[in-house]
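Here's the structure we're looking at; comments come further down.
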Amino acid sequence: MVAPYCDAVDLNLGCPQGIARKGHYGAFLQEDQELIYKLINNLHKNLPIPVTAKIRILETKEDTLAYAKNVLSAGASILTVHGRRREQKGHLTGVADWGYIRYLRENLPKETVIFANGNILQYGDIEKCLEVTGADAVMSAEGNLSDPSVFAAPPPVGKEGREYWRGRDGKGGYRVDAVFRRYMDILHKYALEHEPPKRRSLFIVGDDESWLHDTEARDGDHEEGPVRKKLKQDSANKRSTSPNIVAVRPHLFHLLRHFISRHTDIRDTLARTSPSDMDGMEKVLEMVEKRVAQGLIDYERTDGKSIEEEPVPKPKSQDKEPPKDEGANNDIEPEDDPDSSVATVKACKRPWWIAQPIIRPLPKEALAKGSIKLSKKDKKKQAQEQAATSTTSSTVAIPTTETVNGKAEGNGHTQKVEDELPISDEKDGSVSEPPIDPMAPGLTKDALVSG
Ligand SMILES: Cc1cc2nc3c(=O)[nH]c(=O)nc-3n(C[C@H](O)[C@H](O)[C@H](O)COP(=O)(O)O)c2cc1C
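Sequence positions in the sequence shown follow full-length UniProt numbering and run 1 to 451.
Structure (structure tokens):
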């Protein structure tokens, strides 16, 4: 059906969602290697275009290699390997294991085209991944959602221009207002097929600041009811039901996630904006631009101290001491601990006006925080596994979680899930924007799909 319209067909054998379990597809086919072979081989033989496939890793490198060989022998032209197991989703996403991908590279014929997938958070990670895995290309999803500039090379020092910002410590990134603008312009041009609105040059310190004060009153009013109503009326005729447009608000929640956890008024405005209301999104952009400009001005005025003065929100995962593992080296510094996200947070953290990745707490941290707990089944399984001396089973050791109505029980009490990304079972694989809790400092619930 799709063959005349595309260059290849990819079979997603990586989807770990409940819907894939029910429908017996995605990663839930991996126990049925014969069926996988038949599916790929059938497409390979009957399509005029190549078939490619994306798999998740299995419990062992050897099992994963056998899986990869099966997929390739069936006729897949490109093999994408997501370095996470099926159980690594939501709170248990953890990090992808590039070592498995390297193992495949070394044990598959040289001419095999391998794409590596997982852990691309920053621009430099792409090169790093290619080097570590020996893969031919990298595929990225979530990192790209929260920082769409992840593939854009940073400009040389002194040539930052208006869209890129570099701090006094030399670390920088593309500005969130610049990315937001480009996103809106693309939508106007290609989704709505009209010229984007004329925009003033993106502000940099030293520019005329009068626009900042001109719009202040309007923006301030916009946070109140009456003007919002007016905005809604003004834009009522311009709303779009295009899937390209209704996906915008969830995307913005990802792009702005770190930003709106600080600027909660903008979070609330975005939450109140109808998903199909482009004028409303433009209004949010204006608020973001104004706030970024103020951030840049304050940074210069205080010689970079403004961000030092601001309390950097600690990842929730660091609020509590992780439980001490018996037999583990508990003297290890959090930054060197592979079960800690501290080092990643430190490497990726930028001032709030910069687009940056969402760093999820690792499973151990989520367990310590109490956002997840072992299900009864997993507790039983863990006990059985501890009792057993043999560990050769290919079933998975990582537990599933029990999370009810956005609440997860842990440490003997009920704790609200905040700032975390529980998995969604959206049928269309879309990203939902989080429900907003006006009492919470940041987002309270979010949903992401990872295949
Ligand atoms: C919103 C979203 C939608 C996705 N949809 C698909 C899909 O349709 N097919 C697929 O093979 N993988 C899909 N994935 C999974 C990604 O391709 C990728 O394997 C996974 O997110 C891990 O890579 P990352 O660490 O770069 O995000 C999706 C991921 C996200 C976040």
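C-beta: ideal position from N, C-alpha, C; glycine also. Quick caveat, the model's predicted, so the values are computed rather than measured.
Straight across, the Cα-Cα distance linking Ala343 with Pro361 is about 11 Å. Going by C-alpha positions, Val157 is about 8 Å away from Arg166. As DSSP reads the structure, Ala116 sits in a beta bridge with Val81 and Val138.
Taking 7 Å as the cut-off, the beta carbon of Gly143 is found no closer than this to the beta carbon of Arg102. Within the model, the alpha-carbon separation for Arg168 versus Arg182 is close to 26 Å.
The residue from Cys6, Ile359, Ile126 and Glu300 with its alpha-carbon nearest to that of Lys346 is Ile359. For Glu59, the closest of Ala8, Pro4 and Gln88 by C-alpha to C-alpha distance is Gln88.
The three-state reading of DSSP puts Trp211 in helix, counting H, G and I together. For the 7 Å CB-CB criterion, Val205 and Glu300 form a contact.
Residue pairing from DSSP places Trp165 in a beta bridge opposite Gly173.
Ala53 is bridged by DSSP to Leu11 and Leu79. Closest by C-alpha distance to Met1, out of Gly172, Thr273, Ile49 and Leu29, is Ile49. In this structure, Ser140 has its CB closer than 6 Å to one or more heavy atoms of ligand 1. In this structure Ile120 is not in contact with Val81, their Cβ atoms being roughly 13 Å apart against a cut-off of 8 Å. Sequence-distant Cβ neighbours of His254 in its own chain, meaning closer than 6 Å and more than five residues away, are Leu145 and Ser146. Trp352 sits close to Arg262, with the two beta carbons spaced by under 7 Å.
In the three-state scheme derived from DSSP, where H, G and I count as helix and E and B as strand, Val2 is classed as coil. In the displayed model, Ile260 falls within a helix according to three-state DSSP. With a cutoff of 7 Å on beta-carbon distance, Ile57 and Leu79 are scored as not near each other.
A Cβ-Cβ contact shorter than 7 Å links Leu29 with Leu35. No Cβ-Cβ contact shorter than 7 Å links Gln17 with Cys348. For Arg249, the enclosing alpha helix (DSSP H) begins and ends at Val248 to Leu255. Contact between Tyr67 and Gly83 is ruled out by a C-beta separation of about 13 Å, above the 8 Å threshold. Straight across, the Cα-Cα distance linking Asp177 with Glu163 is about 8 Å. The straight-line gap separating the alpha-carbon atoms of Lys377 and Arg86 is approximately 17 Å. Residue nearest to Val246 within the set Arg257, Arg272 and Met278 is Met278 (criterion: CA-CA distance). Ile359 sits in coil when the DSSP states are folded into three classes, being neither helix nor strand.
Here the distance from the Cβ of Asn70 to the nearest heavy atom of ligand 1 is not below 6 Å. In the DSSP annotation of this structure, the continuous segment of the alpha helix (DSSP H) that includes His44 starts and ends at Gln33 to Asn46.
Of the candidates Leu296, Arg267, Asp298 and Gln294, Arg267 places its Cα closest to the Cα of Val284. Ala152 and Ala366 have their alpha carbons spaced roughly 32 Å apart. Counting only the Cα atoms, Leu72 lies some 10 Å from Pro109. If you draw a straight line from the Cα of Gly170 to the Cα of Pro197, it comes to about 34 Å.
Nearest C-alpha to Tyr174 among Glu195, Met184 and Ser149: Ser149. His263 has its CB no nearer than 6 Å to any heavy atom of ligand 1. Contact annotation: Ala8 and Thr52 have beta-carbon atoms nearer than 7 Å.
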